[in-house]
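Take a look at the structure set out below.
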Amino acid sequence: MVTFVFILEYNFNEVLIFMNTRKLIIANWKMHKTVDDSKKFIDELISENKNFECKVVICPPFVALGAIIQKCHDSGIYVGAQNCHFEEKGAFTGEISALMLGSIGVDYVIIGHSERRTNFHETDAIINKKLKAVFKNHMTPILCVGETLEQRVNTGATDVVMSQIENAIDGLTSSEVANLVIAYEPVWAIGSGKTVTVDDASKICSKIRNFLCSNYGAEISGKMRIIYGGSLNEKNCKEFLKSDELNGCLIGGSSLNVESFSEILNITGELY
Ligand code: PGA
-2 MVTFVFILEY NFNEVLIFMN TRKLIIANWK MHKTVDDSKK FIDELISENK
48 NFECKVVICP PFVALGAIIQ KCHDSGIYVG AQNCHFEEKG AFTGEISALM
98 LGSIGVDYVI IGHSERRTNF HETDAIINKK LKAVFKNHMT PILCVGETLE
148 QRVNTGATDV VMSQIENAID GLTSSEVANL VIAYEPVWAI GSGKTVTVDD
198 ASKICSKIRN FLCSNYGAEI SGKMRIIYGG SLNEKNCKEF LKSDELNGCL
248 IGGSSLNVES FSEILNITGE LY
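Everything in the sequence shown is counted per our numbering, starting at -2 for the first residue and increasing by one.
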């Protein structure tokens, strides 16, 4: 049973004062691209985009992180990992700790992606520990939340998402919450070619901010970036990016191709 409290009416303009206006565009490459492919992508991305009007984060596979961090140095592009372990070190064969990621200059870490929740059985409790580990190592977590189609029908997207958030942020300090990025990604929209409507995504993201506002205040919730992800591409991203409720997008498949991704960045830049 979820026990959070909603303030149904609050002064959204007050929150907007604090909101970051520079949109955040995150590329989640998942298990795609060799180190060479990753380096080539960054070279081409930088040569096609001299200035990045939005905040760009590229999340390559672990093996490419070091090379990408070097290439992105002074480019304005931030680098993220797709996961981490919550322990700093130990007998966890095959795992990479937040400490290790922080030590090579990673800026962001995606935590709780639905593919990890489903395929690697990550629970809210594990996700909570990972968020704390990421903050402890001075990086920014991108917390992914979202409902399955079944949950959407049986429980409702809002209750599922709020419960995931409430459990994930348990014990975080207010300043950690202010720095958290939340990506609302309905599971059924990921890689499926289906998106929620802009209105629906905006409403859920607004409810997330509303919930955080009621628990942490307008200043903290206004500083947070709440973004949408799921089957976005260069053709449909504009409408989502135009929404004041959405601080950016998390792009999977369409971030693998430099032309599509550059187009998304151009579209975002034109909105300023
Ligand atoms: P998609 O992936 O854009 O390919 O739907 C998004 C994600 O999984 O983060």
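Cβ coordinates follow ideal geometry from the N, Cα and C atoms, glycine included. All values derive from a computational prediction rather than experimental measurement.
Item, Value
"Given a threshold of 16 other Cβ atoms within 10 Å of its Cβ, counted over all protein chains shown, does G274 qualify as buried or as exposed?", "In the structure as shown, the chain begins at -2 and stops at 269. Residue 274 is therefore absent and cannot be evaluated."
"Verify the contact flag: H110, CB atom, against every heavy atom of the ligand PGA, threshold strictly below 7 Å.", "yes"
"Just checking E119 against the ligand PGA - is the residue's beta carbon closer than 7 Å to any of the ligand's heavy atoms?", "no"
"Among E182, I123, L146 and I65, whose alpha-carbon lies nearest the alpha-carbon of D167?", "I123"
"May I ask you to verify whether the segment 246 to 266 touches the segment 199 to 206, counting CB pairs closer than 8 Å and requiring at least 3?", "no"
"Is the distance from the Cβ of L243 to the Cβ of T265 below 8 Å?", "no"
"Using 8 Å as the threshold, is the C-beta distance between V142 and G188 below it?", "no"
"Which whole runs of the alpha helix (DSSP H) in the segment 186 to 245 are 4 residues long or more, in chain order?", "195 to 213, 215 to 220 and 234 to 239"
"Less than 7 Å between C-beta atoms, sequence neighbours within five positions excluded: which residues of the same chain meet that for R114?", "none"
"Taking only the alpha-carbon atoms, compute the straight-line gap between V195 and I107 and give it to the nearest angstrom.", "23 Å"
"Hey, how far is the Cα of Y269 from the Cα of R222?", "17 Å"
"In this structure, how does DSSP classify G266 when only helix, strand and coil are distinguished?", "helix"
"Rank A64, H29, G87 and V184 by C-alpha distance to the C-alpha of T145 and give the top, closest one.", "V184"
"By the three-class DSSP mapping on this structure, what secondary structure does N116 have?", "helix"
"Put I162 into one of helix, strand or coil per three-state DSSP.", "helix"
"When you compare the CB positions of F258 and L42, do they come within less than 8 Å of one another, or not?", "yes"
"Between the beta-carbon of K47 and the beta-carbon of F83, is there less than 8 Å?", "no"
"Go through its chain and collect everything with a Cβ distance to I261's Cβ below 6 Å, but skip five positions before and after it.", "E231 and C234"
"Inspect the beta-carbon positions of S100 and A61 and report whether they are closer than 8 Å.", "no"
"Report back the beta-carbon spacing between A175 and I139 to the nearest angstrom; my notes put them in contact at under 8 Å.", "The pair is not a contact, with the Cβ atoms about 15 Å apart (cut-off 8 Å)."
"How should Q67 be labelled, buried or exposed, when 16 other C-beta atoms within 10 angstroms of its C-beta is the threshold for buried?", "exposed"
"For V53 and T152, what's the separation of their Cα atoms in angstroms?", "34 Å"
"Can you tell me which of the three DSSP states V103 falls into?", "coil"
"So F38 and G73 are supposed to be a Cβ contact under 8 Å. How far apart are they, rounded?", "In fact, because the Cβ distance is near 16 Å, the residues do not count as touching under 8 Å."
"In terms of alpha-carbon separation, which member of L96, C210 and S228 lies closest to K191?", "S228"
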